[in-house]
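This report refers to the structure that appears directly beneath it.
Number of protein chains: 4
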Amino acid sequence: MIKAGIVGGTGYTGVELLRLLAQHPEVVISAITSRKEAGMAVSEMFPNLRGRVDIPFSDPQSAPLKECDVVFFATPNGIAMQQARELLDAGVRVIDLAADFRIKDVAVWEKWYGMQHACPDLIAEAVYGLPEINREKIKGARLIANPGCYPTAVQLGFLPLIEAGLIDADNLVADCKSGVSGAGRKAEVSTLFAETADSFKAYGVSGHRHLPEIAQGLSGVRGAPVELTFVPHLTPIIRGIHATLYARLKTEADLQSLYEKRYQDDYFVDVLPAGTHPETRSVRGSNVCRIAVHRPQGGNTVVVLSVIDNLVKGAAGQAVQNMNILFDLSESTGLQQIPLLP
Amino acid sequence: MIKAGIVGGTGYTGVELLRLLAQHPEVVISAITSRKEAGMAVSEMFPNLRGRVDIPFSDPQSAPLKECDVVFFATPNGIAMQQARELLDAGVRVIDLAADFRIKDVAVWEKWYGMQHACPDLIAEAVYGLPEINREKIKGARLIANPGCYPTAVQLGFLPLIEAGLIDADNLVADCKSGVSGAGRKAEVSTLFAETADSFKAYGVSGHRHLPEIAQGLSGVRGAPVELTFVPHLTPIIRGIHATLYARLKTEADLQSLYEKRYQDDYFVDVLPAGTHPETRSVRGSNVCRIAVHRPQGGNTVVVLSVIDNLVKGAAGQAVQNMNILFDLSESTGLQQIPLLP
Amino acid sequence: MIKAGIVGGTGYTGVELLRLLAQHPEVVISAITSRKEAGMAVSEMFPNLRGRVDIPFSDPQSAPLKECDVVFFATPNGIAMQQARELLDAGVRVIDLAADFRIKDVAVWEKWYGMQHACPDLIAEAVYGLPEINREKIKGARLIANPGCYPTAVQLGFLPLIEAGLIDADNLVADCKSGVSGAGRKAEVSTLFAETADSFKAYGVSGHRHLPEIAQGLSGVRGAPVELTFVPHLTPIIRGIHATLYARLKTEADLQSLYEKRYQDDYFVDVLPAGTHPETRSVRGSNVCRIAVHRPQGGNTVVVLSVIDNLVKGAAGQAVQNMNILFDLSESTGLQQIPLLP
Amino acid sequence: MIKAGIVGGTGYTGVELLRLLAQHPEVVISAITSRKEAGMAVSEMFPNLRGRVDIPFSDPQSAPLKECDVVFFATPNGIAMQQARELLDAGVRVIDLAADFRIKDVAVWEKWYGMQHACPDLIAEAVYGLPEINREKIKGARLIANPGCYPTAVQLGFLPLIEAGLIDADNLVADCKSGVSGAGRKAEVSTLFAETADSFKAYGVSGHRHLPEIAQGLSGVRGAPVELTFVPHLTPIIRGIHATLYARLKTEADLQSLYEKRYQDDYFVDVLPAGTHPETRSVRGSNVCRIAVHRPQGGNTVVVLSVIDNLVKGAAGQAVQNMNILFDLSESTGLQQIPLLP
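Protein chains in written order, with my numbering: chain A, 33 to 374; chain B, 33 to 374; chain C, 33 to 374; chain D, 33 to 374.
This is the structure:
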């Protein structure tokens with residue numbers, strides 16, 4: 033059994049990791065930490081876990097994290113970079129669900145995240161944990177930078193087009209919509225029910241931290257910089273991201289077949305039949321990304337629709353998928369939940 | 033492996049049965065019927081099942097239902113009573129998720145359901161499938177009447193008090209709130225999003241079909257008729273029932289301890305700590321009923337809060353629980369999904 | 033024109049007062065204060081007011097409140113009692129939308145609100161601003177205690193029955209459901225969208241501050257103490273309260289006619305036809321309370337359904353109604369908005 | 033007073049027309065028709081209108097429509113074209129809220145709407161009722177084609193850029209999100225609460241009827257065809273459209289100033305400060321369109337955010353605005369409702 037620890041378990045990615053790991057046949061949860069809630073039973077905060085996860089939150093200092101095989105950081109940005117080295121030195125694999133190791137260019141990271149990076153050398157070592165691109169690199173990694181939610185949906189959507197060199201990668205548009213859980217479990221006026229229900233809005237149009245992450249990933253695939261306009265929106269759903277992607281075709285191609293072939297060996301990417309529209313609820317609670325590709329009126333604009341559950345494939349599920357790869361398990365172990373519909 | 037058939041698979045209880053049975057380790061789904069959609073892949077209608085349930089709907093006439101070990105009716109009221117006998121005669125166990133066999137008094141049934149019953153003798157044989165009351169009778173049954181959603185939440189909530197004879201059973205109040213999926217997947221104006229979102233209302237105050245079902249169950253427990261005022265409400269959530277129950281105490285008792293003892297051997301009933309309030313989302317997607325018992329200001333009024341997922345413990349999950357009992361499996365087999373929160 | 037001031041304008045009752053007063057033909061808004069946001073244009077925080085309310089928040093110290101004819105306190109509990117006397121002494125009428133002056137028994141108030149009262153003598157003077165009971169007293173008042181949201185819906189629902197002495201007032205049940213705006217515009221985890229959407233729960237079953245307020249009001253009508261079980265619930269709607277009230281009839285009566293007569297001269301109470309069910313959306317954005325009275329199965333239990341918009345008849349609208357009475361205007365002046373449906 | 037009639041009053045545009053006209057100081061509602069509900073009080077179907085609109089639905093045959101000054105068609109597509117001529121001949125002004133007269137090219141209309149047009153000559157006469165473009169033409173019109181909801185939000189958003197010739201109009205993208213009321217008050221599975229709540233999806237990517245309407249409008253402004261990719265989405269809100277528009281700048285310009293000048297005389301278009309993001313709730317229940325213009329990272333892509341209430345500026349409110357112009361009233365008469373927030 034894999035001994036797993038979670039640092040920072042009181043947010044939505046924390047409870048979601050617990051939900052998934054508690055049902056994982058090869059994992060035992062050794063510790064979950066919270067400075068603030070140390071001593072409180074996890075199931076008191078998250079009653080869905082009653083009878084299933086019976087350990088309490090423990091203090092980060094005293095938790096037996098170094099005895100774990102793998103430690104997940106479900107913390108705010110800037111925490112994992114402080115603590116990762118000590119765990120790595122103790123032989124623990126580290127999977128960071130925050131952004132500390134996602135951006136290779138330290139200066140870019142420091143600009144977007146507004147702090148100095150604590151261990152730039154580890155950035156170089158870290159592997160970006162998008163298995164559909166980096167599966168082989170993940171296998172041998174010690175430190176995984178688990179991708180952001182928007183970057184997962186957008187990169188999986190654009191990937192086949194860019195790999196095939198079919199589109200004008202200097203003029204990409206990603207119009208993305210996220211459920212409110214993406215903002216985390218923080219006390220803030222802007223994500224109150226009465227502020228966000230029955231309303232829809234864009235935010236961060238002038239710049240969002242996921243932009244450099246997406247650009248880095250797609251540029252890596254292209255082998256040259258891409259230019260992307262990324263507009264996130266808030267939609268009144270709890271979980272789910274819907275990315276609507278626009279690009280101009282440079283070359284004719286059978287797009288449906290392109291996507292089906294690209295993802296035929298990726299268990300968690302489901303290419304839908306031509307002409308269909310994925311709903312976010314069709315992946316609710318599961319690690320699947322569903323994608324449909326369109327070419328309206330047969331013109332030169334490709335429209336790709338890509339949906340994920342931001343807390344699963346966009347966070348905790350992808351982290352477990354990465355753990356499965358790290359420990360040489362079948363990629364879908366413990367991740368076979370069928371989406372909840374309706 | 034148990035060969036299972038589903039009659040009428042295009043509603044919410046149908047898709048929920050599929051979700052649960054597809055993950056059940058001892059079941060193979062042999063057939064799912066729909067007159068109207070025969071030939072269509074199930075996963076075309078319910079894309080959450082893509083890659084997991086790959087059979088098409090089949091015509092009720094040609095489906096191999098008699099070769100099944102068990103057949104679930106996820107049909108409107110009045111269908112199972114037409115078809116159950118033929119299946120029973122062929123040795124198939126039948127679990128009806130509709131109301132055809134729930135009410136023992138045929139005249140009462142015919143009054144509330146507005147049709148003549150097709151097989152009153154089978155009513156007598158049918159076992160009311162609330163395992164927390166009828167577990168032993170279910171074991172040997174051929175025909176199970178799976179309880180309604182409100183009746184499940186209300187009966188489990190009142191049960192310990194009535195068994196113990198602690199309350200005035202001539203003056204019970206059940207103020208119940210249901211998610212909109214309880215109304216089914218039918219094209220109706222009254223359950224449109226724009227009619228039900230951001231609004232709350234009572235309905236059926238003058239009389240609801242679940243009233244005689246609840247009254248029958250509680251009267252059976254009491255050994256005498258009970259008097260109940262039952263007011264259902266519609267709340268803008270997809271899944272979930274919250275029953276708020278009121279009764280007057282006749283005798284002093286340690287209510288918390290009473291509830292904990294009553295349900296200590298019932299895997300799917302979770303008695304919460306004193307002073308707490310269950311949320312419907314704490315059981316979302318799971319077969320658990322969570323109950324809290326209160327006595328405000330130490331007075332003589334008991335307030336019981338009881339929550340279930342109407343599509344799981346209130347329908348498909350309870351049906352699978354009944355199947356597990358019928359086939360001598362552990363009651364929780366295939367029903368260990370952790371609720372989705374948030 | 034009436035010069036109106038608002039103290040504490042950054043919450044939901046504040047913006048709602050602005051919406052109503054900005055459309056009121058006899059009012060000019062002289063000042064709206066916020067310590068924290070002084071200087072910010074009101075319409076920057078509340079863009080629905082762009083082009084309609086163009087003043088900024090001003091500092092409470094420097095705002096010309098004493099030159100107003102009326103000042104509304106849309107502040108947290110405990111503020112109005114600090115500042116009311118000075119305004120009253122300056123000849124300003126004061127309407128407190130918080131709870132400082134609602135409870136006549138100072139000890140009871142101090143117990144439920146957990147602080148010492150700053151001016152018990154003003155409690156005695158204050159008039160409880162439920163016009164349907166206290167219209168005459170309101171006319172000459174200097175200081176109005178505007179009722180709470182639950183208390184408005186519950187008292188209007190029970191009033192005709194208690195005035196007529198028809199029910200057992202020692203055993204009342206008020207099962208109430210509130211939209212999330214009732215919790216205010218405060219940064220709290222418990223009212224985040226991802227915590228409250230698609231879920232339903234009770235809260236405060238052991239005791240809620242509106243219980244003594246309701247009990248005081250109904251006891252005053254009865255002329256003797258009433259006993260009430262009050263259970264509030266949170267339903268995922270933005271605005272709206274639905275009170276479902278239960279009582280036992282002692283005497284036969286034509287309830288429909290009783291209610292229609294009782295409220296025939298109350299512009300803002302609408303008694304619905306027999307057999308109907310009011311929806312909260314039928315009063316969304318308006319100052320109306322809609323009530324339906326039922327007697328299920330012709331038994332002895334009366335069920336009253338009472339709905340209001342918690343921010344209008346439950347707060348800002350009722351405050352404006354009280355202002356209209358104070359200044360001898362027609363009660364409905366500026367309060368004729370038609371509810372928004374859908 | 034203007035005598036107004038409404039044909040087809042049982043849908044959402046019908047009830048919204050009633051809400052607005054009942055509050056309009058210069059209008060008396062003479063008739064509202066519904067074949068199916070003739071005789072039923074309007075307020076029985078729409079209880080928000082109780083006490084405010086007390087007429088019943090009348091049969092279309094017997095209603096005194098020819099005696100009206102103006103008749104609104106709030107009917108499905110294909111009805112107004114059957115009945116308009118008779119009313120026009122009787123001297124009645126006609127405002128069609130459906131699509132019968134929106135598309136000038138009859139062949140295009142017949143292709144997208146799947147029926148033969150009944151009166152192509154009236155198409156030529158009809159004026160497209162977007163006052164911000166066609167105010168002068170509307171003044172003298174007999175027959176107004178009230179714009180669609182998406183077309184209103186998209187055209188107002190692109191208008192200044194196209195008029196100024198600043199963008200590449202051969203590569204426009206309109207990513208639009210609509211509330212569910214946009215689908216109308218029809219009994220359909222796809223718009224049930226349990227199908228649309230807590231989920232987000234695109235639809236009609238291969239082609240939507242509003243595409244030719246938008247293209248016609250923008251091409252008219254450009255004086256040459258535009259090329260537009262239009263992707264509509266369904267978001268779980270009741271009312272509201274959010275259009276996110278993308279275009280490539282060809283020429284430098286001060287976009288903020290461009291928008292502010294273009295709309296300085298349009299009462300119902302509110303250009304927000306630079307850097308802001310309009311929410312749909314900021315226009316809920318009102319006739320305002322709020323627009324913000326962005327240029328992310330100072331690049332060549334312009335992003336315009338445009339929000340309206342689909343039932344007001346996108347339907348009934350714009351129809352009343354057109355009526356005000358037709359009858360030489362101030363454009364905002366009866367349309368000054370402040371949006372409901374929260």
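For each residue, glycine too, the CB sits at the ideal point set by N, CA and C.
Keep in mind it's a predicted model, so treat the numbers as computed, not measured.
In the three-state reduction of the DSSP assignment, Glu220 of chain B falls in the coil class.
Put simply, the CB of Val205 of chain B is near chain C, with a gap under 8 Å to one of its CB atoms. Between the alpha carbons of Gly189 of chain B and Arg327 of chain B lies a distance of about 14 Å. Within the DSSP secondary-structure output, Leu277 of chain A pairs in a beta bridge with A:Ala206, A:Val336.
One alpha carbon belongs to Val334 of chain B, the other to Gly346 of chain A, and they sit about 44 Å apart. Ranking B:Val159, B:Glu164, B:Lys293, B:Ala131 by CA distance to the CA of Ala150 of chain B puts B:Ala131 first. DSSP places Ala234 of chain C within a strand segment (E or B) once states are collapsed to three. Across the set B:Tyr182, B:Leu154, B:Lys35, the C-alpha of B:Leu154 shows the shortest separation from the C-alpha of Ala173 of chain B. Annotation: Ser62 of chain A to Ala36 of chain A spans about 6 Å, alpha carbon to alpha carbon. Remark: C-beta atoms of Pro374 of chain B and Glu227 of chain C approach each other more closely than 8 Å. Listed in chain order, the alpha helix (DSSP H) elements of length 4 or more contained wholly in the stretch 177-202 of chain B are 181-195.
Rounded to whole angstroms, the Cβ separation of Thr312 of chain C and His274 of chain C is 5 Å, and the two are in contact under 8 Å. Our two residues, Leu367 of chain A and Ser318 of chain A, have alpha carbons roughly 7 Å apart in a direct line. Exposure of Val60 of chain C is indicated by the presence of fewer than 16 other C-beta atoms within 10 angstroms of its C-beta.
In this structure, the CA atom of Arg217 of chain D is about 19 Å from the CA atom of Lys233 of chain B. For chain A, none of the residues of the stretch 317-345 of chain C brings a beta carbon within less than 9 Å of one of its beta carbons.
Distance from Thr276 of chain D to Gly211 of chain D at the Cβ level is roughly 15 Å; contact not present, criterion being Cβ atoms closer than 8 Å.
With a minimum length of 4 residues, the unbroken runs of alpha helix (DSSP H) contained wholly in the stretch 110-160 of chain A fall at 112-121, 138-145, 152-157.
In the three-state reduction of the DSSP assignment, Gly249 of chain D falls in the helix class, which pools H, G and I.
Put simply, the stretch 353-364 of chain C does not touch the stretch 38-48 of chain D. Fewer than three CB pairs are less than 8 Å apart.
Note: His326 of chain B is bridge-paired with B:Val335 in the DSSP secondary-structure output. In this structure Ala106 of chain D is in contact with Leu129 of chain D, their Cβ atoms being roughly 5 Å apart against a cut-off of 8 Å.
The beta carbon of Leu304 of chain A lies closer than 7 Å to those of Pro310, Arg322, Ile323, Ala324 in the same chain, with the five residues before and after it left out. Taking 9 Å as the Cβ-Cβ cut-off, the stretch 215-249 of chain A approaches chain B at Arg217, Ala229, Asp230, given in chain order. Excluding the 5 residues flanking it on each side, Val205 of chain B has same chain C-beta neighbours closer than 6 Å at Thr261, Tyr278, in chain order.
When the alpha-carbon of Tyr295 of chain B is set against those of B:Ile370, B:Pro163, B:Lys171, the nearest one is in B:Pro163. The C-beta distance from Ile127 of chain C to Ala351 of chain C rounds to 5 Å, short enough to fall under 8 Å. Residue-level contact check: Val212 of chain D touches chain B, since one or more beta carbons of chain B fall below 8 Å from its beta carbon. Per DSSP, the continuous alpha helix (DSSP H) segment holding Ile165 of chain D begins and ends at 163-171.
In this structure, Asn178 of chain A sits near Asn354 of chain A, with a CB-CB distance shorter than 8 Å.
Against chain D, the beta carbon of Pro268 of chain B has neighbours under 9 Å at Phe225, Ala229, listed in chain order. Chain B places no beta carbon closer than 8 Å to that of Tyr145 of chain D, leaving this residue out of the contacts. Of all residues in the stretch 34-60 of chain B, the ones placed with a Cβ closer than 9 Å to any Cβ belonging to chain D are Tyr44, in chain order.
Here Leu53 of chain A is not near Gly41 of chain A, since their CB atoms are 8 Å or more apart. Per the DSSP secondary-structure output, Asp91 of chain B pairs with nothing in a beta bridge. No Cβ of chain D is located within less than 8 Å of the beta carbon of Arg67 of chain C.
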